[in-house]
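Below is one structure, written out as structure tokens; the observations come after it.
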Amino acid sequence: MTRAFLLAAACIGLAGCNAGGGAPNANLPAMNVAFTWCSGTPAFTIGNIPATAKMLSFRMIDQQAPGYNHGGGTVPASGKATQTIPCGGLSGSYTGPNPPPPQIHDYQWTVTALDAGGQPVAAGRATRKFPE
């Protein structure tokens, strides 16, 4: 219960953080993930990034249409515990949210920190509605 409370408290200042999400893989440390919609790829704030992370890998899933591949992207890890990625800052293949009107869908981003060998060292996720 204390861990859930601390995670929820950490997410209060991070719009888009999914306090109930935690790490997608229970064997990995959890990172804090927040994002905002904008043109191009969203803007992200990632926290609790391990010092061993060399790359951050992003993947988006539409919770109402999980079979549709929205893709994602990658960015080099900055070496800092917190990193901000600006709008359009991901490199890779990404198809933005586009639910059929008047539907509103829940989009979940999963972020995985990878070490120099490409192995996952931490992960986190956040969900937001589109359109908001």
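Each residue of the sequence shown is one higher than the last, beginning at 146 in the working numbering. Glycine included, every Cβ here is placed at the ideal spot set by N, Cα and C.
Report task. Look up GLN209 in the DSSP assignment and say whether it is helix, strand or coil. Result -> coil
Report task. Within 10 angstroms of the Cβ of ASN214, are there 16 or more other Cβ atoms? Answer buried if so, exposed if not. Result -> exposed
Requested in this report: For ILE230, name the three-state secondary structure that DSSP assigns.
Outcome: strand
Query - Nearest residue (CA-CA) to GLN253, options GLN209, ASN243, THR272, LEU259 - result: THR272
Requested in this report: Starting from the Cα of GLU277, find the closest Cα among ALA258, ALA175, HIS250 and give me that residue.
Outcome: HIS250
**Report entry** Backbone CA spacing between ASN170 and ASP207 [nearest angstrom]
**Finding:** 19 Å
Query raised in the report: Going by other Cβ atoms of all chains shown within 10 Å of its Cβ, with 16 needed for buried, is MET205 buried or exposed?
Result: buried
Report task. Put SER184 into one of helix, strand or coil per three-state DSSP. Result -> coil
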